[in-house]
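Novice: Position 33 of the sequence shown, counted from 1, bears residue number 185 in my numbering, the numbering being contiguous throughout.
Where a beta carbon is used, it is the ideal one built from N, C-alpha and C, also for glycine.
What you are looking at is a predicted structure, and each value in this text was computed from that prediction instead of being measured.
Below: one structure in structure tokens.
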Amino acid sequence: QVQLVESGGGLVQAGGSLNLSCAASGTISSRNGMGWHRQAPGKQRELVAAISSSGKITYVDSVKGRFTISRDNAKNTMYLQMNNLIPEDTAVYYCAALVYGTLYWGQGTQVTVSS
Numbered sequence: 153q154v155q156l157v158e159s160g161g162g163l164v165q166a167g168g169s170l171n172l173s174c175a176a177s178g179t180i181s182s183r184n185g186m187g188w189h190r191q192a193p194g195k196q197r198e199l200v201a202a203i204s205s206s207g208k209i210t211y212v213d214s215v216k217g218r219f220t221i222s223r224d225n226a227k228n229t230m231y232l233q234m235n236n237l238i239p240e241d242t243a244v245y246y247c248a249a250l251v252y253g254t255l256y257w258g259q260g261t262q263v264t265v266s267s
């Protein structure tokens, strides 16, 4: 079993920054891929950024240059530094981890960007 707990969401003005954290526990290691997804009201959930099992990092085009994903394996924690936030970034952000073929999800954290 894997447990994922997100934190760091909130309300911020456009142009501001937030740093999301995802604390992982259970049968998860640095060899497991992890990522951040988001879901805005009325829209499908989308992958925002991911770190693969080999360490490869990918971003959706809309956040490139503004968001940075990172991982502290010693703390079993993944981060998403979000800069230059825009109202279109408003969504619930979810942490996910792929462990032995099963995709685990956190409960989500709300990010709201006001114009």
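1) Could you round the C-beta distance between S159 and S173 to whole angstroms and report it? I think they count as a contact, below 8 Å.
2) Look at the alpha carbon of R218 and the alpha carbon of G260, and state the distance between them as a whole number of angstroms.
3) Tell whether a beta-carbon distance below 8 Å holds between Q233 and V244.
4) State yes or no: is the C-beta of N228 within less than 8 Å of the C-beta of A166?
5) Please determine, among S267, Q196 and A249, the residue with the shortest C-alpha to C-alpha distance to Q153.
6) Bridge partners for T220 per DSSP, in chain order?
7) Where does V215 fall in DSSP's three states?
8) Where does the unbroken beta strand (DSSP E) through E158 begin, and where does it stop?
9) Out of N236, T210 and E240, point me to the one whose CA is closest to G185's CA.
10) How about L156 and Y252: do their beta carbons lie closer than 8 Å?
11) Considering Cα atoms alone, identify which of E240, I238, P239 and G258 is closest to C247.
Specialist: The relevant details are as follows:
1) On the sequence shown, residue 159 is found 7 positions in, with the first residue counted as 1. On the sequence shown, residue 173 is found 21 positions in, with the first residue counted as 1. Contact flag correct, Cβ pair sits at about 5 Å.
2) Counted from its first residue, the sequence shown places residue 218 at position 66. Counted from its first residue, the sequence shown places residue 260 at position 108. Approximately 20 Å between the Cα atoms of the pair.
3) For the purposes of this step, residue 233 is taken as residue 81 along the sequence shown, with counting starting at 1. For the purposes of this step, residue 244 is taken as residue 92 along the sequence shown, with counting starting at 1. Not in contact: Q233 and V244 (Cβ atoms no closer than 8 Å).
4) The residue given as residue 228 occupies position 76 in the sequence shown. The residue given as residue 166 occupies position 14 in the sequence shown. In this structure, N228 keeps its C-beta atom at 8 Å or more from the C-beta atom of A166.
5) The residue labelled residue 153 in the question sits at position 1 within the sequence shown. The shortest Cα separation from Q153 among S267, Q196 and A249 belongs to A249.
6) For the purposes of this step, residue 220 is taken as residue 68 along the sequence shown, with counting starting at 1. BP columns for T220 point to Q233.
7) Along the sequence shown, one-based indexing puts residue 215 at 63. Correct three-state label for V215: helix.
8) Residue mapping note: residue 158 aligns to position 6 of the sequence shown, counting from 1. That run of the beta strand (DSSP E) goes V154 to S159.
9) Along the sequence shown, read from residue 1 onward, the residue named residue 185 stands at position 33. Of the listed residues, the one whose Cα sits closest to G185 is T210.
10) Counting from 1 along the sequence shown, the entry for residue 156 is found at position 4. Counting from 1 along the sequence shown, the entry for residue 252 is found at position 100. Not a contact, by the Cβ cut-off of 8 Å.
11) Start at 1 with the first residue of the sequence shown, and residue 247 comes out as number 95. The shortest Cα separation from C247 among E240, I238, P239 and G258 belongs to G258.
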